[in-house]
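Asks: Got a structure for you, questions after.
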């Protein structure tokens with residue numbers, strides 16, 4: 001992909017040393033976005049240049065105290081659901097800013113398309129800009145607001161939904177409600193779907209048709225619109241051949257595995273990005289997936305048939321377990337000094353999540369036969385020694401393996417006991433599938449799951465921190481310099 005340097009009237013966050021401030025800049029010599037080629041190049045920047053994986057993962061129940069002596073400040077703060085004070089890759093402030101920068105690129109592209117008369121030939125770019133704008137706002141509201149609940153969404157604080165480039169040097173922004181943000185996201189999805197295409201030289205780095213549908217399913221799953229989830233995912237069928245092949249993945253050389261996981265050529269990967277991130281180095285952090293706790297998530301006891309999972313765990317670093325998912329490319333700016341920036345391959349959307357979301361919609365529609373078939377097929381591809389004759393998914397073994405615990409899964413909608421067991425099975429499958437990628441946080445929020453983080457010294461607990469249901473800390477605090485510029489803070 002070719003990048004061009006385009007100075008825009010961007011929505012930024014004010015900082016002398018970083019892009020951590022919320023403002024708009026009006027340059028004197030702004031590059032004119034006046035050709036289809038320039039619009040297409042601009043849309044390369046309509047995706048976050050930073051990553052949420054480390055943030056979401058560290059706040060989740062996938063991490064434990066390994067008691068390693070080394071730990072970044074932001075690692076400790078995320079583990080304790082505190083506002084991060086650091087700037088740089090994999091921090092809250094940088095991801096906030098990166099999303100709004102990407103939104104600004106989408107908005108500038110849409111204005112440029114309109115100024116060119118909105119020709120039909122630019123419909124693909126229009127569709128990509130709209131879906132990308134929806135995705136970035138969705139990520140922002142998912143992290144910096146409380147979970148979507150239709151009974152309170154009209155008054156819950158959302159995020160500013162920005163739909164046009166700014167013309168003021170310092171623009172003041174008001175937070176939309178969660179309902180307003182969700183309504184605008186849906187509006188952009190519906191409109192963008194009219195134009196989205198696969199006609200890209202490198203489609204996996206853009207919102208292609210399947211990636212847009214997978215994102216729509218994630219959105220509608222959180223909104224509780226099961227019919228829409230089934231509608232957008234119907235092309236998958238009952239046994240998609242595009243799920244991740246863990247047998248092939250496990251057979252790859254160790255050094256090759258991270259590249260294999262995130263490369264665009266993998267059929268399961270629908271949207272791939274290379275943000276500025278050091279996620280691959282997370283295993284050096286104190287609060288991570290520790291060796292003595294990893295079996296709670298990946299052990300054979302968590303398999304409904306009592307067999308080992310094919311999901312691969314790589315080498316151990318002191319007390320931590322590394323899953324080889326992140327390929328890091330280090331771009332040197334000064335080879336002699338060893339100075340540069342790390343860029344990490346990440347999978348933003350995949351067929352595996354797409355399929356799991358479809359199965360969940362079946363459960364919520366009480367279509368348990370379809371849910372059983374989907375889960376059995378998925379687990380067959382993830383289980384070592386799977387036996388088609390004996391390894392079956394039934395309502396009885398789901399209910400036994402995932403018993404209902406009072407007040408454990410509490411979404412805004414009601415679950416029957418059988419639905420609750422299936423939802424737990426699916427959430428645990430999603431947890432395994434995307435461990436260390438940050439997606440667990442989405443389920444923790446929408447199901448209002450309680451998370452307990454224990455800090456230890458010499459093997460003994462010295463602090464227990466509990467994220468209770470409806471805890472205000474489930475919404476990240478607005479970055480400091482954004483709130484300094486008038487963005488209302490979240491209550492604490």
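Residue numbers (UniProt numbering): 1 to 492.
Built from N, CA and C at the ideal position, the CB exists for glycine as well.
From the DSSP output, which residues share a beta bridge with residue 317?
Replies: According to DSSP, which records beta bridges pairwise, residue 317 is partnered with 320.
Asks: What are the boundary residues of the alpha helix (DSSP H) that residue 166 is part of?
Replies: Neither: residue 166 is in no alpha helix (DSSP H) and is coded neither H nor E.
Asks: Nearest to residue 197 by CA position, among 239, 143, 122 and 312, is which residue?
Replies: With distances taken between Cα atoms, residue 197 lies closest to 122.
Asks: Using 8 Å as the cut-off, can you tell me whether the region 333-341 makes contact with the region 259-272, which would need three or more C-beta pairs spanning the two stretches below that distance?
Replies: Flag = no, the region 333-341 and the region 259-272 do not touch.
Asks: Distance, Cα to Cα, residue 248 vs residue 261?
Replies: When rounded, the distance between both Cα atoms is 11 Å.
Asks: My understanding is that residue 141 touches residue 178, with C-beta atoms under 8 Å, so please give their C-beta distance in whole angstroms.
Replies: The pair is a contact, with the Cβ atoms about 6 Å apart (cut-off 8 Å).
Asks: Closest to residue 389 by CA distance: which of 376, 400 and 399 is it?
Replies: Checking every option, the nearest Cα to that of residue 389 belongs to 376.
Asks: Could you tell me whether the region 402-416 touches the region 281-290, where touching means 3 or more Cβ pairs closer than 8 Å?
Replies: No, the region 402-416 is not in contact with the region 281-290.
Asks: Looking at the secondary structure, which residues open and close the alpha helix (DSSP H) in which residue 487 lies?
Replies: Careful: residue 487 lies outside any alpha helix (DSSP H) and carries neither H nor E.
Asks: Taking 8 Å as the threshold (beta carbon to beta carbon), is residue 420 in contact with chain B?
Replies: The displayed structure is made up of one protein chain only, and chain B is not part of it.
Asks: Hey, is the region 140-156 in contact with the region 438-452, meaning 3+ C-beta pairs nearer than 8 Å?
Replies: In short, these stretches touch, since the Cβ pair count reaches three.
Asks: Residues in the same chain with beta-carbon distance under 6 Å from residue 465, minus the five sequence neighbours each way, listed in chain order, please.
Replies: Cβ within range, chain order: 80 and 453.
Asks: Please report how far the alpha carbon of residue 215 lies from the alpha carbon of residue 358, in whole angstroms.
Replies: Each residue's alpha carbon lies about 12 Å from the other.
Asks: Name the one or two DSSP bridge partners that residue 287 has.
Replies: DSSP lists 65 as partners of residue 287.
Asks: How many angstroms separate the CA atom of residue 86 from the CA atom of residue 306?
Replies: Taking the straight line from one Cα to the other gives about 43 Å.
Asks: Three-state secondary structure (DSSP) at residue 95?
Replies: DSSP places residue 95 in helix when its eight states are reduced to three.
Asks: Which residues in the same chain have their Cβ closer than 8 Å to the Cβ of residue 296, if we skip the five residues on either side of it in sequence?
Replies: Only 302 meet the Cβ criterion.
Asks: Which of the three DSSP states is assigned to residue 380 in this structure?
Replies: Looking at residue 380 - three-state DSSP - the assignment turns out to be helix.
Asks: Under DSSP, the beta strand (DSSP E) around residue 453 begins and ends at which residues?
Replies: Per DSSP, residue 453 belongs to the beta strand (DSSP E) from 451-457.
Asks: Using a 10 Å radius around the Cβ and a threshold of 16 neighbouring Cβ atoms, would you call residue 89 buried or exposed?
Replies: Residue 89 should be labelled buried.
Asks: Measure how close the beta-carbons of residue 370 and residue 344 come, nearest whole angstrom, since I'm counting them as under 8 Å.
Replies: 36 Å between Cβ atoms; not a contact.
Asks: Report yes if the CB atom of residue 323 is closer than 8 Å to the CB atom of residue 436, and no otherwise.
Replies: Yes, they are a contact pair.
Asks: DSSP three-state call for residue 270: helix, strand or coil?
Replies: Reduced to three states, the DSSP call for residue 270 is strand.
Asks: Report all residues from its chain with a CB closer than 6 Å to the CB of residue 391; omit the five preceding and five following residues, and keep chain order.
Replies: Once the five neighbours on either side are set aside, the close Cβ partners of residue 391 are 305.
Asks: Is it the case that the Cβ atoms of residue 75 and residue 91 are separated by a distance below 8 Å?
Replies: It is not a contact, given that the beta carbons lie outside the stated cut-off.
Asks: Under three-state DSSP, which class holds residue 343?
Replies: Reduced to three states, the DSSP call for residue 343 is strand.
Asks: Output the boundary residues of the beta strand (DSSP E) element that contains residue 432.
Replies: Unbroken run through residue 432 is the alpha helix (DSSP H), 417-433; no beta strand (DSSP E).
Asks: List, from N- to C-terminal side, the beta strand (DSSP E) runs of 3 residues or more that fit wholly inside the region 176-237.
Replies: Listed in chain order, nothing qualifies, since the region 176-237 has no complete beta strand (DSSP E) run of 3 or more residues.
Asks: Applying the 10 Å Cβ sphere with the 16-neighbour rule, what's the burial state of residue 27?
Replies: Caution applies to residue 27, whose pLDDT of 38 falls short of 50 and renders its modelled position unreliable; the model cannot decide the point.
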